[in-house]
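For reference, the structure discussed in these notes is given below.
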Amino acid sequence: MLSLIPASTVKNIKNSIMIEIDREKINEIIKLAFKDSFDELDIYHTRPENVKGTGPVLAIDGTKSGKTFSFKYTYEQLVNQYTDGTLNRELQKSRDRVFKETY
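Just so it is clear: in the sequence shown, position 5 is 6 by my numbering, and no numbers are missing.
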């Protein structure tokens, strides 16, 4: 007997596998993109509060000259950018945008 698996389940499984495989590599790219920009860098995994349907988020808190800058990315966004080779450039763009707004 053939049973069908809903597409959303397949997508969740695929994303979970990709996240596990790429988590270390993605963390390395984040550290490289932000390493010269912050005195301290904290990367952690969280789930946004009061947002239905949103999966885990990778959050980055960077401290520079006593100020804390926060960045949040969905795993799908990170994995897609990692897969197409644009992750480092996109991280640097978001970092530059936050710095420009602050300084």
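Glycine included, each C-beta is placed from N, C-alpha and C at the ideal position. A quick note: this is a predicted structure, and the numbers were derived from the prediction, not measured.
Asp97 sits in a helix when the DSSP states are folded into three classes.
By the criterion of a C-beta distance shorter than 6 angstroms, Lys73 is surrounded in its chain by Val58, Ala60, once the five residues flanking it on both sides are discounted. Setting aside the 5 residues that flank it on each side, Asn89 is surrounded in the same chain by Ile30, Ala34, each with a C-beta closer than 6 angstroms to its C-beta; the list follows chain order. With a threshold of 16 other beta carbon atoms within 10 Å, Phe70 meets it and is buried. In its chain, beyond the 5 residues on either side, Val58, Ala60 have a beta carbon closer than 6 angstroms to the beta carbon of Thr47.
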